[in-house]
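The structure appears below as structure tokens.
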Amino acid sequence: NAGVTQTPKFQVLKTGQSMTLQCAQDMNHEYMSWYRQDPGMGLRLIHYSVGAGITDQGEVPNGYNVSRSTTEDFPLRLLSAAPSQTSVYFCASSNPRDPSGLQETQYFGPGTRLLVL
Amino acid sequence: GDSVTQMEGPVTLSEEAFLTINCTYTATGYPSLFWYVQYPGEGLQLLLKATKADDKGSNKGFEATYRKETTSFHLEKGSVQVSDSAVYFCASKPFNAGGTSYGKLTFGQGTILTVHP
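Chains as they are written, first to last, in our numbering: chain C, 463 to 579; chain W, 1478 to 1594.
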């Protein structure tokens, strides 16, 4: 298994540009989420999904859109980038019905570092 | 809402020193508690977890005990190594009465640990 993969690793945008951060997992996990990591603030939840076709907002959803058309993919869209969205973005997934006792464990991707000028 | 507070960092230790990183939480009911570790340039990995009061999570020489009476989940290691240098995050996830583990992680701000030879 590749686990959770994210692309790109690094991106520079100009204010107002749009882009999509890709996230995919090959573990057949129902639950996927996006976090942003900022210095001194830990990770904050942007959006999450409990299954294909179902998404919901987290703590800091403004400026971001998500969709979940398949179990494997959970892209994060920035419609009009702003300097305040400069951050490192992490995607995570988990299987809440894991029978092996790992249902509490979230698996994180390697992150996408985004710089908005 | 739920919140997690970690001790201020960064923490700098010599190899073989004793490590404690404090973590306290506020939550409704009885959340699950986690420690995640982030090595340089990587995503977060689960280090250990505890799902109910008085549980002790342990992994790689690290330990943390779920203390309901003090709402704490302090991370300890008796003898740190240079390879333990990383950022450590304490996190909580609300308990789902339905028995599934859908939910949202709330992270502390992270503690940078540097271990010198």
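Glycine included, each C-beta is placed from N, C-alpha and C at the ideal position.
Spatial neighbours of residue i in its chain, beta-carbon cut-off 7 Å, leaving aside the 5 residues before and after
{"i": "S1535 of chain W", "result": "L1525"}
{"i": "A464 of chain C", "result": "D488"}
{"i": "Q1558 of chain W", "result": "E1492, V1592"}
Contacting residues, own chain, Cβ-Cβ under 8 Å from residue i (five flanking each side not counted)
{"i": "L505 of chain C", "result": "Y497, R498, Q499, F552"}
{"i": "T1505 of chain W", "result": "D1479, P1571"}
{"i": "T517 of chain C", "result": "H509, Y510, S511, V528, S529, R530"}
{"i": "T1547 of chain W", "result": "T1501"}
{"i": "G583 of chain C", "result": "Outside the modelled stretch of chain C, which goes from 463 to 579, sits residue 583 of chain C, for which no answer is possible."}
{"i": "K1545 of chain W", "result": "Y1507, A1530, D1531"}
{"i": "L1582 of chain W", "result": "F1511, A1568, S1569, K1570"}
{"i": "V1488 of chain W", "result": "L1496, I1498, T1588, I1589, L1590, T1591"}
{"i": "K1533 of chain W", "result": "A1527, E1540, A1541, T1542, Y1543"}
Test item: CB-CB of residue i and residue j under 8 Å
{"i": "G1585 of chain W", "j": "V1481 of chain W", "result": "yes"}
{"i": "G571 of chain C", "j": "Q468 of chain C", "result": "yes"}
{"i": "P1508 of chain W", "j": "S1562 of chain W", "result": "no"}
{"i": "L1490 of chain W", "j": "V1592 of chain W", "result": "yes"}
{"i": "D1531 of chain W", "j": "Y1543 of chain W", "result": "yes"}
{"i": "F1550 of chain W", "j": "A1527 of chain W", "result": "yes"}
{"i": "H509 of chain C", "j": "G520 of chain C", "result": "yes"}
{"i": "L1552 of chain W", "j": "F1539 of chain W", "result": "yes"}
{"i": "T574 of chain C", "j": "Q473 of chain C", "result": "yes"}
{"i": "K471 of chain C", "j": "L579 of chain C", "result": "no"}
Start-to-end residues for the beta strand (DSSP E) that takes in residue i
{"i": "G513 of chain C", "result": "505 to 513"}
{"i": "K1545 of chain W", "result": "No beta strand (DSSP E) holds K1545 of chain W; DSSP gives it neither H nor E."}
{"i": "H1593 of chain W", "result": "1588 to 1593"}
{"i": "A1563 of chain W", "result": "1563 to 1570"}
{"i": "L1582 of chain W", "result": "Neither: L1582 of chain W is in no beta strand (DSSP E) and is coded neither H nor E."}
{"i": "L1524 of chain W", "result": "1521 to 1527"}
{"i": "E1553 of chain W", "result": "1552 to 1554"}
{"i": "A554 of chain C", "result": "549 to 556"}
{"i": "Q1515 of chain W", "result": "1509 to 1515"}
Residue from the options with nearest C-alpha to residue i
{"i": "V512 of chain C", "options": "C:T548, C:G573, C:E534, C:S542", "result": "C:E534"}
{"i": "S555 of chain C", "options": "C:V528, C:D518, C:A486", "result": "C:A486"}
{"i": "V550 of chain C", "options": "C:L483, C:Y493, C:G515, C:Q519", "result": "C:L483"}
{"i": "E1492 of chain W", "options": "W:Q1483, W:F1539, W:E1485, W:G1555", "result": "W:G1555"}
{"i": "V1564 of chain W", "options": "W:A1494, W:G1518, W:K1529", "result": "W:G1518"}
{"i": "L507 of chain C", "options": "C:V474, C:L538, C:A514", "result": "C:L538"}
{"i": "Y428 of chain C", "options": "W:F1511, W:I1498, W:V1488", "result": "The question about residue 428 of chain C has no answer here: the residues shown for chain C are numbered 463 through 579."}
{"i": "T1497 of chain W", "options": "W:T1503, W:F1566, W:K1581, W:T1583", "result": "W:F1566"}
{"i": "T580 of chain C", "options": "C:G502, C:L577, C:P501", "result": "Look at the range of chain C in this structure, 463 to 579, and you will see that residue 580 of chain C is not part of it."}
{"i": "T466 of chain C", "options": "C:P501, C:M503, C:F536, C:G502", "result": "Note that residue 466 of chain C corresponds to Val in the displayed sequence, not to Thr. The residue with the shortest Cα to Cα distance from V466 of chain C is C:F536."}
Whole-angstrom C-beta distance between residue j and residue i, which should lie under 8 Å
{"i": "A543 of chain C", "j": "M481 of chain C", "result": "7 Å"}
Own chain partners of residue i with C-beta closer than 6 Å, once the 5 adjacent residues on each side are dropped
{"i": "G1576 of chain W", "result": "Residue placement at G1576 of chain W is poorly supported in this model, since its pLDDT is 47, which falls under 50; the coordinates still yield a value, given next. Taken in chain order, the list of residues that qualify is empty."}
{"i": "V522 of chain C", "result": "R506, I508"}
{"i": "N1499 of chain W", "result": "M1484, H1551"}
{"i": "T1503 of chain W", "result": "S1480"}
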